[in-house]
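Remarks on the structure that follows.
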Amino acid sequence: MTVRPGPASAGENALRLSILGPLRAWHRGTELHLGPPKQRSVLALLLVRAGRPVPVHHLVDSLWDGDPPERAVNVVHRHVGALRRLLEPGLTQRSEARVLVRAAGGYRLDVGEEALDLHRFRTLRDAGQEAADHDRPGEAADLLLAALALRSGPTAATLPPGLRSHTDFAAVDAEYFRAAQVAAETALVSRRTQQALPLLGQAAQEDSLNEVLQAGFIRVLAAEGLTARALEQYRRVRGRLADELGVDPGPELRAAQADVLRGTVSPTADTPPRTSAATAATTAPTASAPPASPASEGRSPALVRPAQLPAALRVFSGRRTEIEHLDSLLPAGTRTSVAIGGAPGVGKTTLALHWAHRAAHRFPDGQLYLDLRGYDPSGDPLTPSTAICYFLESLGIPSERVPAGLDSRTALYRSVLAGRRCLIVLDNARNAEQVRPLLPGGPGCFTVVTSREQLTGLVASAGTSLLTVDVLTVAEAVDFLTRRLGRPRVERSREAALAIIEHCGRLPLTLAVVCARAESRPGTPLAEVAAELERSRDSLQAFTLSGTSDPVTDTRSVFSWSYRALTGQAADAFRRLWLSPSPDVSPQAAASLTGLPMEKTRQVMSELHRANLWIEYGSGRYGTHELLKRFGQEMSRAEDTAASVEGARQRLYDHYLHSAHHASSAVNTHREHPTLPPPAPGTQVMTFTGTAGTADWLHHEMPALHAIAVRDTYHGEGVRPWRLAAVLELILDRSGRRQEQTEIQSAALLAAQRAGDAQGQAQMHRSLGFALGRTQQGDQAARHLEQALVLFAEAGDLLGEALTHRYLAFLRNAMEAHEQALTHYEAALGLYRTARHELGIASVTNEVGWTRILLRDFEGAVEYCRRAVDIARRVGNRNVEAASWDSLGVAHHRLGREQEALRALHRALEHYRRLGDAYLTADTLVHIGNVYRSASPGKARQAWTEALDILDSLGHPEGELIRERLKDIDGGSR
């Protein structure tokens, strides 16, 4: 590892990371070499979302710009494994990672505020903004300038150019430029322009077309007596705007030039900062006053300045990223509208109103607000024609002057707003058609739309920016509770508060309902509130305020408005999708649940996506909020027949059973797989042609496969669970998922016993015995395997009996009873010969060869392994051939024939790589490293390092053994 001395830190043992400029990291004061470009990029993507889960599909899409190679997921896992070892050098395979952890289908980077410059920047920036909002400009300027000083260049500046332009990094840059704008304003008011000048100069140089930032910088230059330089900066920016955008300077920039020319830049001590929304509100003109903007001069005095924004919530938490995005839309002037979308209850209106109040001072000609009733208990959305009438009346146009037709009304509305600077908030829109006539035609106004529908139609027709709001983060939800219930009450019951957040699913609506209930019972401990939510886990009743009938705060009502707006097939799908045990669902699983063809299913899922009820991710999968799934379950109970639900459940099970069967057959070609009954009509079954695609599918679907295998057992389904458990046996074993394997096989055995299914009992006794043997529970393993032998013999199942003997032989070898193992192999060989099963004969011949290695009969091992290679070639099975080459290589190594050993092992490696068998590829690499260990330690290190990366990507416990070997060969440096 290449290291360089790093800056002194606040704790010599601290991990320090920097992304505000070049990507860098230090551990105990020593700078770390962060690896190849893709690995550095993974770290950077995790850092900009530090503290929040980053899905694997987001990393894959970002690294390969939506066109990933087949093994992209495995590459990401390998990079994560390397980063874990880098950031936590003392981490072992058995210890739990504390910095880079698995979370929600991806990874989360957990670092404290002092460890990451972006965290420190945001803390200082937020404190500065709060001080500015409360008219403390001096304190605000000090904090904001300290935040700006943390940055040494563009975010993640050392990444490859293609990735450096990623939206995640651009968003952080936008935060910096917005902070610079506020710093300029507060520095002018507090007379701290000398300190601000170099920092603002750096920001202005980077964001040369940001007119608000440039206007602030020009004023700071003038305040420092640099008038000529200020005017030159204005001319330079004006030229860039003309050359690059083809536009003239906007009002902010023109006003700054005018202030410089008039010599009126230096503010008086009582001048309020422009950033204070509160100050702007108190100084707003009345309805009878003349319009505030210069563009308003000469207009009819009848035109009034509306101020229609409803009161914002007294408590507002989080949404920092979303507010930064909204702020970033104003200075550039290239966007005149934004549509805020999201699931019901996620806080779209709250965010829109909070930001609108903050930004109101930027719109001196007023603020218009209207609830379009797109999703309303009345069921009647407001028509665009009626909405325009309301707005025209609000702007002072007498009703007798309002024309009759929609086109005429729209033309008058846009004419009235032409040249004015108004903020328009269109709340609860139904669709793009309802909104489009309400958008002003000129550049001075800005429109904020909220809707449960994804208003993508406005992007093409009006250049609208889309902003999707998700649930709160855990930290934001804790802050929400703290602000509503008080810090002492939350801190006294921290665990209960976290349990409440979990039950509410971090959804602002449900958090607000629970907080209202807790506020009405101040003496009730939060632990009791959490217990009530736990008792009603399967119902939405806990999120309804008793004694009220307010449809706005009743969770069921809020959800139902979106549900009732769906078409029939989309509503049917919504009532089926709750059956999926996974947090997200593939298109094929969704089609199996609905029973519809794939093309129709995609149309239905697109409708649910537009309604923000089930969201399509970049990976093509769909996810939703847990409470929406619960609502879907309630709707299903109310509207569906038992037969229709059972049919959907059967198709979903068959989808996973048959798809997993295909996946296991693709990667385990040397094994017999159970014969399955045909899937239910309407089931979509995945097929696999490449091992990489198989591995990706298994990675995504393993949580669902595990849940379904166990869930059907709990439901007493009997015969079905053992089939899925049998299909998953080797998949789980190869990935080292010992505990999951034992849980699934135990549950399936119990179900088969309850159903009196002898075949299922035999299969599960054998599989469970093998799993227990893997975890050194030899006595229990032997009992299950012996019982399986009896059941297979009674059924006359020769192949089942033969495989069980092989499992017993494997167990005896693990217990160093090698002669007993050979006895079982002899029995298995006889059964395979009786059944004329050449593949089984090849497998046993190789395994006998391996046992000869354990007995130190290396020449005998060579003989058996060569024979196994020949048989495997004859039957055309590359998997068994690869295993036999691997065993042969180990035997040659023990005999001191290194070149023959390497030739055989590289033959095995070639086969395993073509087969895409990650675990056995790693196993063979370990054997290659063993051969090189004495004569070529560098090559041994290379082979073992590659093996370790593979095992870490699989989460396999055997990685710890390889890590110890690397420490030995490196003298403890790894």
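In the working numbering, the protein residues as written are 30 to 1003.
Glycine included, C-beta positions come from ideal geometry on N, C-alpha and C.
Between Arg970 and Leu995, the beta carbon gap of about 7 Å places them in contact (Cβ cut-off 8 Å).
For Phe799, the enclosing alpha helix (DSSP H) stretches over residues Ala787 to Arg803.
Per DSSP, the unbroken beta strand (DSSP E) holding Thr479 starts and ends at Phe475 to Ser480. Between the C-alpha atoms of Ala920 and Leu954 there is a straight-line separation of about 15 Å.
Under a 10 Å Cβ-count criterion, Gln286 is classified as buried, with 16 or more other Cβ atoms of the shown protein chains found around its own Cβ.
For Trp55, the beta-bridge partners assigned by DSSP are Arg45 and Glu60.
No Cβ-Cβ contact shorter than 7 Å links Asp409 with Asp456. Beta-bridge partners assigned by DSSP to Arg443: none are found.
For Val873, the uninterrupted alpha helix (DSSP H) run begins and ends at Glu867 to Leu883, by DSSP. The C-alpha of His956 is placed about 39 Å away from the C-alpha of Gly825. By the Cβ neighbour-count rule, Gln805 is exposed, with fewer than 16 other Cβ atoms within 10 Å of its own. Residue pairing from DSSP places Asp456 in a beta bridge opposite Asp400. Sequence-distant Cβ neighbours of Glu142 in its own chain, meaning closer than 8 Å and more than five residues away, are His148, Arg149 and Thr152. In this structure, Val633 lies near Gln598, with their beta-carbon atoms less than 7 Å apart. When the five nearest sequence neighbours on each side are left out, the beta carbons in the same chain lying within less than 7 Å of the beta carbon of Cys544 are those of Leu510, Arg513 and Leu514, in order along the chain. For the options Tyr682, Ser586 and Trp643, the alpha carbon positioned closest to that of Gly624 is the one of Tyr682.
In chain order, Ser366, Ala368 and Leu487 place their CB closer than 6 Å to the CB of Thr493, counting only its own chain and leaving out the 5 sequence neighbours on each side. By the beta-carbon neighbour count (other beta carbons within 10 angstroms, threshold 16), Arg154 is buried.
Residue pairing of Val130 in beta bridges, as defined by DSSP: Arg137. Per DSSP, the continuous beta strand (DSSP E) segment holding Gly370 begins and ends at Ser366 to Gly371. Annotation: the stretch 525-557 contains the following complete segments of the alpha helix (DSSP H) (minimum length 4 residues), in chain order: 537-549. Thr497 and Tyr592 have their C-alpha atoms some 19 Å from each other.
Note that the C-beta distance between Ile48 and Thr215 is not below 7 Å. A buried status is given to Arg604, since no fewer than 16 other beta-carbon atoms sit within 10 Å of its beta-carbon.
Residue state for Tyr646 is assigned as coil, using DSSP reduced to three classes.
Rounded to whole angstroms, the gap between the alpha carbons of Phe660 and Leu608 is 12 Å. Annotation for Leu177: no beta strand (DSSP E) segment contains it, though the alpha helix (DSSP H) segment containing it runs Pro166 to Leu177. Where Val85 is concerned, the enclosing alpha helix (DSSP H) starts and stops at Val85 to Leu92. Among the bridge pairs identified by DSSP, Thr497 is matched with Gly370. Secondary structure at Val276: coil, using DSSP grouped into helix, strand and coil.
Looking only at Val375, Ala79 and Val109, the smallest Cα-Cα distance to Val85 is reached by Val109. Assignment of Leu608 by DSSP, reduced to helix, strand and coil, places it in the coil class.
Contact between the stretch 208-227 and the stretch 263-271 is absent: fewer than 3 CB-CB pairs across the two stretches fall below 8 Å. If you check the CB distance, His687 and Ser694 do not come in under 7 Å.
About 11 Å separates the Cβ atoms of Val873 and Ala850, ruling out a contact at the 8 Å cut-off.
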